[in-house]
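For reference, each letter of the sequence shown is one residue, going 1057 to 1512 in my numbering.
Glycine residues also receive a C-beta, built at the ideal position from the N, C-alpha and C atoms.
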Amino acid sequence: MARQTITLIGGGLVGALLAQLLAKRGFAVDVFEKRPDPRRSGFVGGRSINLALAERGLQALRTAGLENDVMERAVMMRGRMVHPREGSSGLQRYGVDDSEVIWSVSRGGLNMLLLDAAEAAGVTMHFGQGLAAADIDARRITLADDSGVQRDWDAPVLIGADGAGSALRAAMDDYSPLGIRVESLGHSYKELEIPPGHGANRFAIEPHALHIWPRGGYMCIALPNTEGSFTVTLFLPAHGPHPSFDTLPDAAAASAFFRSDFPDLLPLIPDFAEDYDSHPVGTLSTLYLDRWHIDGRALLIGDAAHAIVPFHGQGMNCGFEDTVVLANLLAESPNDTADAFAEFQRIRKPNADAIAAMALENYIEMRDSVADPYYLAKRELGARLAERAPQHFMARYRMVTFTHLPYAYAFERGRAQDVLLEQLLRGSTNAGDVPMDAAVAALQATLPPLPPLRHG
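Following this line, the structure appears as structure tokens:
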């Protein structure tokens, strides 16, 4: 029996990868993307120009046969280079060694590579075609181009990978409420740039790290790009007393703020005034849905179903993990999309909720805790336990970033481990105060062994 034709709304990172995986499994796939083809018109930004690629995303790219192509365009980040307000900067490694690192990749470059791969697999791409309406009962959609010209399209199976502002989600919710809840973080962001230098060392600061300037209720971060530049992001409260974006309306006010709060960073951004005044302030929210699908007719995936804040670097990785799960389920039940969609939601929703919670917690950790003595003591004690009893202890960040353990498991296990660390430290800020033999015995008595770990 011939497999169903699948209509995908959205040709971004998740949509392009899902399209390729489905085509490789024998489905006919049409992708409609409202933006023009970035390979011909240039990539249109508006969001971060680079992203953190970790093991979950890499595993999806391996499944698609694209890992090597992507890694040629990536910059290794070994850990967080923390730049405190006072004192010298220092590297906090993400993993145990260089086998556990994350990678900075260009959003635009990755998107174009994925579009090429999708077309090579037989996917039909339609650019400049935005979703104007969806008739769920008739299984037809209406598309509109930039000039407003509309056309109808039969869409017996409809998947929305059209991001946090999903047009398909709005149409599905109009048809049958999905239980949408959007929680604003109350903080916003603005992007700046450290340009590449000249000569042999084109990176102005350490290239193999994610740089953080933690300042308590706010922070700056910087991610490296292959050509030697860094994408800098300022995170601040959106409103309220200084500092907030309300109190920094223009480059003059922002420059004075950076001179006082980020004095080592400001000289690295020669076009600060132009960057600050020309780049928009972005909003940060978490999206929750009670339902991701309408029987077997329509489904949401990636940010369209579960957009999260960026502070764990897992939004893309989570979306890529979605694509492999969904492609496998549809391949197993190609003519029962209702069952595949329901199973996809059952498997992925608890994990999406868990990474949403961990991303929110990680913002507090990044802007504040990375320079806190008690946090550092817990981190050191956890590292010692992981070395002494690796079958029983692994830092939550490592579970999330370097294994395929479900996000929901990492969330709950991380909480249990954190409780144990606090009991062992008893308020001390010196991990050396804890007798390790007793700590290992307490760990093994309190928590079961970790499940088998799947690395790449």
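Residue j and residue i - do their beta-carbons sit closer together than 7 Å?
i	j	result
L1345	I1236	yes
L1266	L1248	no
R1081	A1387	yes
M1137	L1147	yes
I1261	M1422	no
I1065	D1218	yes
R1315	L1322	yes
L1109	A1383	no
A1116	V1380	yes
A1307	D1333	yes
T1342	A1412	yes
Q1185	T1198	no
V1456	A1466	yes
Y1463	N1407	yes
V1179	A1312	no
N1106	N1281	yes
A1130	V1161	yes
A1360	G1216	yes
D1208	R1225	no
R1444	V1490	no
M1181	V1085	no
V1238	Q1060	no
A1188	A1200	yes
R1118	G1135	no
How would you write the range of the beta strand (DSSP E) that residue i sits in, first residue to last?
i	result
G1242	R1237 to I1250
T1339	G1338 to Y1344
G1135	G1135 to V1138
A1210	Here residue 1210 is Asp; the residue named in the question, Ala, does not match the sequence. Here the beta strand (DSSP E) through D1210 covers Q1206 to D1210.
Q1370	Neither: Q1370 is in no beta strand (DSSP E) and is coded neither H nor E.
D1191	G1186 to D1191
S1162	I1158 to S1162
A1108	N1106 to L1109
H1267	L1266 to P1270
A1200	R1196 to A1200
V1213	V1213 to G1216
L1147	G1146 to R1149
L1499	Per DSSP, L1499 belongs to no beta strand (DSSP E); it is in the alpha helix (DSSP H), M1492 to T1502.
A1354	A1354 to L1356
Determine the extent of the alpha helix (DSSP H) in which residue i is found, giving its start and end residues.
i	result
L1441	P1429 to R1444
N1281	Where N1281 is concerned, there is no enclosing alpha helix (DSSP H), given that its DSSP letter is neither H nor E.
I1411	T1393 to R1423
V1126	E1123 to M1127
G1470	Y1463 to L1481
M1181	Premise fails: M1181 lies in the beta strand (DSSP E), T1180 to F1183, not in any alpha helix (DSSP H).
R1454	R1452 to F1458
H1298	Note, H1298: premise wrong, no alpha helix (DSSP H); not H, not E.
L1224	A1223 to Y1231
S1484	Run containing S1484: none; DSSP gives neither H nor E here.
H1362	D1359 to H1362
Which residues in the same chain have their Cβ closer than 6 Å to the Cβ of residue i, if we skip the five residues on either side of it in sequence?
i	result
F1183	E1089, P1092 and D1093
R1103	Unreliable placement is indicated for R1103, whose pLDDT of 47 sits below 50; no coordinate value is reported for it.
L1509	T1459
F1301	S1244, L1292, A1294 and V1337
S1155	none
P1140	A1427
A1410	Y1463, A1464 and F1467
A1363	A1220 and L1343
G1165	R1129
Excluding sequence positions up to five away, which residues of its chain have a Cβ less than 8 Å from the Cβ of residue i?
i	result
L1503	H1448, F1449, R1469, A1472, Q1473 and L1476
G1272	R1423 and D1424
P1297	T1303
Excluding the five sequence neighbours on either side, which residues of its own chain have a C-beta within less than 7 Å of the C-beta of residue i, listed in chain order?
i	result
L1304	A1310 and F1313
K1454	Per the sequence shown, residue 1454 should be read as Arg rather than Lys. The answer, listed in chain order, is G1151 and E1156.
Q1500	A1445 and H1448
From the beta carbon of residue i, is the nearest beta carbon of chain D less than 7 Å away?
i	result
N1257	Structure shown: chain D not included; a single protein chain is present.
Any chance the segment 1158-1178 sits against the segment 1067-1086, with 3 or more Cβ pairs inside 8 Å? Yes: at least three Cβ pairs fall under 8 Å.
Between the segment 1219-1234 and the segment 1349-1365, are three or more C-beta pairs nearer than 8 Å? With the cut-off at 8 Å, the segment 1219-1234 and the segment 1349-1365 touch.
Quick one: any contact between the segment 1371-1379 and the segment 1061-1070, if contact means 3 or more CB pairs under 8 Å? Segments in contact, yes.
Is there contact between the segment 1278-1293 and the segment 1245-1260, where contact requires at least three CB pairs shorter than 8 Å? In this structure the segment 1278-1293 touches the segment 1245-1260; the number of beta carbon pairs closer than 8 Å is three or more.
Segment contact, 8 Å Cβ cut-off, at least three pairs: the segment 1416-1430 with the segment 1356-1373: Yes, the segment 1416-1430 is in contact with the segment 1356-1373.
Enumerated in chain order, which unbroken segments of the alpha helix (DSSP H) with a length of 4 residues or greater are wholly contained in the segment 1066-1101? Considered as a whole, the segment 1066-1101 harbours 1069-1080 and 1094-1097 as its complete alpha helix (DSSP H) runs of no fewer than 4 residues, in chain order.
Below 8 Å, how does it come out for the segment 1432-1448 and the segment 1481-1495: are there three or more Cβ pairs, yes or no? Enough Cβ pairs lie closer than 8 Å, so yes.
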